[in-house]
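Visitor:
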Amino acid sequence: MRYLVFLRGIPGSGKSTFVKEEGLEPYTISSDTVRLLIKPPVLSVAGQPVTSQKINRRVWGLIYSLIKCRMEEGEFTVLDATNAGNADIAKYRSPVKAYRYEAFCVDFSDVSTELAKERNMGRPAYEIVPETVIEEMYAIIKRQSVPSFVTVIKPHEFRKRLQYNTPDFSNYKKIHHIGDINGSYTALMKYLSCGLGDNDLYIFLGDYAGRGNENSRVVKFLVSIMCRDNVVLLEGDNEKRLCRPAAGEKQTRIEDFSDTTGILKELEREGALQDALKLCGKTVPCVYYKFHDKSVLVTHGGLSSLPENLIFMGAEQMINGVGEPEDVFLVAEHFNKNTNENTYQVHGHRNPENLPVKNGRTFNLSDESRKGSFLRTLTLDREGFDWQCIRKKNSFIQL
1 MRYLVFLRGI PGSGKSTFVK EEGLEPYTIS SDTVRLLIKP PVLSVAGQPV TSQKINRRVW
61 GLIYSLIKCR MEEGEFTVLD ATNAGNADIA KYRSPVKAYR YEAFCVDFSD VSTELAKERN
121 MGRPAYEIVP ETVIEEMYAI IKRQSVPSFV TVIKPHEFRK RLQYNTPDFS NYKKIHHIGD
181 INGSYTALMK YLSCGLGDND LYIFLGDYAG RGNENSRVVK FLVSIMCRDN VVLLEGDNEK
241 RLCRPAAGEK QTRIEDFSDT TGILKELERE GALQDALKLC GKTVPCVYYK FHDKSVLVTH
301 GGLSSLPENL IFMGAEQMIN GVGEPEDVFL VAEHFNKNTN ENTYQVHGHR NPENLPVKNG
361 RTFNLSDESR KGSFLRTLTL DREGFDWQCI RKKNSFIQL
């Protein structure tokens with residue numbers, strides 16, 4: 001999910017070893033590795049192989065671009081570099097804000113220069129850093145602080161602080177899962193005709209504005225309830241497009257959304273465009289919760305398994321789902337095989353074959369029959385799951 005982790009420490013402080021021990025290699029961008037990708041070792045004047053220092057600008061420019069590419073997809077990312085100076089981390093402030101990331105810094109500053117120098121000499125010749133450089137970097141780390149938008153932790157705190165914490169919702173009487181609304185305010189109000197009960201939890205699965213012609217009413221209603229403790233708003237692909245950053249800033253120009261122009265024009269005409277952006281800012285990629293003897297994973301697009309740590313899962317796959325739209329039946333089938341009998345999944349977004357709501361232990365709340373004629377909902381209480389389909393208005397806007 002949307003976490004950016006900086007490793008901060010002098011060469012030889014154990015950052016790369018930490019990456020291996022925590023199994024973080026697939027998620028890590030290493031400055032040493034990028035440097036060698038650009039240029040292999042060169043000879044020093046003493047005839048020893050060394051890493052070139054003449055390509056620093058290219059190295060850090062490429063690293064920044066790689067991290068930004070990952071952030072566009074909502075990928076969990078680790079930067080393995082010295083990150084000694086405040087400015088080394090501060091340059092990521094803008095993308096962290098724009099892509100709605102949380103930033104952490106794993107601090108290795110407690111490692112002494114003596115131990116670091118000893119480890120440094122055990123490296124391959126081209127990786128050895130001059131001892132004067134280690135001392136200079138150590139002085140910078142001790143003198144400069146980490147920017148305030150970053151949470152600093154120690155290596156031993158990593159697993160506890162960056163582990164998905166599964167909430168227990170057993171205190172609620174009933175949990176409501178509300179599928180893709182797509183601008184159908186009337187159908188939503190029909191379902192919520194009795195209002196929102198304080199003893200119930202309401203999970204909305206994303207795609208709040210869409211083909212229906214009541215988008216602004218849906219958006220304004222959701223904004224009015226989005227701060228309630230018993231409301232969870234998932235991020236759909238429509239919300240991702242609406243909040244898609246451009247050049248480090250949120251993109252809000254109508255002409256930049258050729259695929260959703262009709263929706264945006266309606267929102268702007270009805271004075272709901274800024275509300276829609278506020279709504280996007282409250283969305284999350286998933287929720288995985290306990291309810292008595294059941295565990296339930298809720299995403300917009302649907303997954304084929306339950307990862308051990310959901311934080312490592314990219315937001316993009318949670319939003320769009322695993323595989324292609326036509327793979328939705330196979331995704332459900334594999335999820336049912338890959339998880340235990342008390343684990344369930346709820347998703348929306350795709351259903352080209354118009355599957356029923358219940359598919360084993362996977363529930364599909366997307367209706368694609370007749371351009372999505374029904375709002376699918378699913379409730380869970382002590383008695384189990386129940387679902388209904390509410391007919392939407394037959395009026396749609398042109399996308």
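Here the sequence shown is numbered in UniProt numbering, starting from 1 and rising by one per residue.
C-beta: ideal position from N, C-alpha, C; glycine also.
As the structure is a computational prediction, the values presented were derived from the model and not from experiment.
Mapping DSSP to helix, strand and coil, what is arginine 8?
Guide: Strand.
Visitor: In chain order, what residues of the same chain lie with their CB nearer than 7 Å to the CB of phenylalanine 158, ignoring the 5 residues before and after it?
Guide: Result list for phenylalanine 158: Glu22 and Val106, in chain order.
Visitor: Helix, strand or coil: how does DSSP classify glycine 384 here?
Guide: If DSSP states are grouped into helix, strand and coil, glycine 384 belongs with the strands.
Visitor: What ranges does the beta strand (DSSP E) occupy inside the segment 69-143, keeping only unbroken runs of at least 3 residues that lie completely in it?
Guide: Complete beta strand (DSSP E) runs here, min 3: 77-80 and 102-107.
Visitor: With a floor of 3 residues, list each beta strand (DSSP E) that falls wholly inside the segment 145-190, ordered by position along the chain.
Guide: DSSP runs (the beta strand (DSSP E)) wholly in the segment 145-190: 150-153 and 174-178.
Visitor: Hey, quick one: how far does the beta strand (DSSP E) through valine 284 stretch, first residue to last?
Guide: First-last for valine 284: undefined, no H or E at that position.
Visitor: Among residues of its own chain, excluding the 5 on either side of residue 401, which ones have a beta-carbon nearer than 8 Å to its beta-carbon?
Guide: The structure shown does not extend to residue 401, since the chain is modelled only from 1 through 399, so no value can be given for it.
Visitor: Counting only the same chain and skipping the five closest in sequence on each side, list residues whose C-beta sits under 7 Å from that of glutamate 102.
Guide: The answer, listed in chain order, is Arg2 and Tyr3.
Visitor: Exposed or buried, which one is threonine 71 when buried takes at least 16 other CB atoms within 10 Å?
Guide: Here residue 71 is methionine; the residue named in the question, threonine, does not match the sequence. It counts as buried.
Visitor: Look at lysine 392 and leucine 365 and say whether their C-beta atoms are less than 9 Å apart.
Guide: Going by C-beta atoms, lysine 392 is not nearer than 9 Å to leucine 365.
Visitor: How about leucine 242: is its Cβ closer than 8 Å to a heavy atom in the ligand GDP?
Guide: The ligand GDP is not part of the structure shown, which contains no ligands of any sort.
Visitor: Leaving out the 5 sequence neighbours to the left and right, which residues in its chain are closer than 6 Å to lysine 190 when beta-carbon positions are compared?
Guide: Closer than 6 Å at the Cβ level, and outside the excluded window around lysine 190, lie Ile390.
Visitor: Are the segment 50-59 and the segment 30-41 touching by the rule of at least three beta carbon pairs closer than 8 Å?
Guide: The segment 50-59 vs the segment 30-41: in contact.
Visitor: Is the Cβ-Cβ distance between alanine 315 and glycine 74 less than 9 Å?
Guide: Yes, these two residues count as a Cβ contact at 9 Å.
Visitor: Report all residues from its chain with a CB closer than 7 Å to the CB of proline 147; omit the five preceding and five following residues, and keep chain order.
Guide: For proline 147, where only same-chain residues beyond five positions count, the Cβ hits under 7 Å are Asn86, Ile89, Ala90 and Arg93.
Visitor: Roughly how many angstroms separate the alpha carbons of lysine 278 and alanine 272, rounded to a whole number?
Guide: Those two C-alpha atoms are separated by around 10 Å.
Visitor: By how many angstroms is the C-alpha of serine 13 removed from the C-alpha of glutamate 136?
Guide: Near 14 Å, if we compare the C-alpha coordinates of serine 13 and glutamate 136.
Visitor: Between which two residues does the alpha helix (DSSP H) carrying asparagine 213 extend?
Guide: First-last for asparagine 213: undefined, no H or E at that position.
Visitor: Which class does serine 31 belong to by DSSP, given the choice of helix, strand or coil?
Guide: Correct three-state label for serine 31: helix.
Visitor: Are the segment 218-226 and the segment 294-303 touching, with three or more C-beta to C-beta distances below 8 Å?
Guide: Touching, no.
Visitor: What are the boundary residues of the beta strand (DSSP E) that includes aspartate 200?
Guide: Note, aspartate 200: beta strand (DSSP E), 200-204.
Visitor: Of the choices Leu267, Glu270 and Gly321, whose alpha-carbon is the least far from that of residue 409?
Guide: The chain is shown only over 1 to 399; residue 409 falls outside these bounds and no answer can be derived.
Visitor: With 16 as the cutoff for other CB atoms within 10 Å, does alanine 125 come out buried or exposed?
Guide: Answer is exposed; the Cβ neighbour count stays below 16.
Visitor: Using the beta-carbon count (16 or more within 10 Å), is cysteine 243 buried or exposed?
Guide: Classification for cysteine 243: buried.
Visitor: Determine the extent of the alpha helix (DSSP H) in which leucine 242 is found, giving its start and end residues.
Guide: Start and end: 237-242.
Visitor: Is valine 45 buried or exposed, if buried means 16 or more other CB atoms sit within 10 Å of its CB?
Guide: So valine 45 ends up on the exposed side.
Visitor: The beta strand (DSSP E) that contains valine 298, what's its start and end?
Guide: Unbroken beta strand (DSSP E) run through valine 298: 294-299.
Visitor: Below 8 Å on the Cβ atoms is my guess for lysine 173 versus aspartate 381; work out the distance and round it to an integer in Å.
Guide: With 8 Å as the limit, lysine 173 and aspartate 381 qualify as a contact, their Cβ atoms being about 7 Å apart.
Visitor: Would you call the CB atoms of lysine 142 and aspartate 80 closer than 9 Å?
Guide: Going by C-beta atoms, lysine 142 is not nearer than 9 Å to aspartate 80.
Visitor: Can you tell me whether DSSP reads threonine 17 as helix, strand or coil?
Guide: Residue state, collapsed to three classes: helix.
Visitor: For serine 216, which residues in the same chain have their Cβ closer than 7 Å to its Cβ, ignoring the five residues on either side in sequence?
Guide: Same-chain partners within the cutoff: Glu266, Leu267, Glu270 and Ala272.
Visitor: For the beta strand (DSSP E) that contains asparagine 364, what are its first and last residues?
Guide: Per DSSP, asparagine 364 belongs to the beta strand (DSSP E) from 362-364.
Visitor: Using the three-state DSSP reduction, which class does asparagine 56 fall into: helix, strand or coil?
Guide: Of the three classes helix, strand and coil, the one that applies to asparagine 56 here is helix, per DSSP.
Visitor: Which residue marks the beginning of the alpha helix (DSSP H) containing valine 331, and which one marks its end?
Guide: Per DSSP, valine 331 belongs to the alpha helix (DSSP H) from 328-338.
Visitor: Any idea if glutamate 292 is buried or exposed, counting beta-carbon neighbours within 10 angstroms, 16 or more meaning buried?
Guide: Looking at the sequence provided, one finds histidine at residue 292 rather than glutamate. Histidine 292 comes out exposed.
Visitor: Which residue's Cα is closest to the Cα of serine 65: Pro95, Phe76, Pro40 and Gln53?
Guide: Selected option, being the one with the closest Cα: Pro95.
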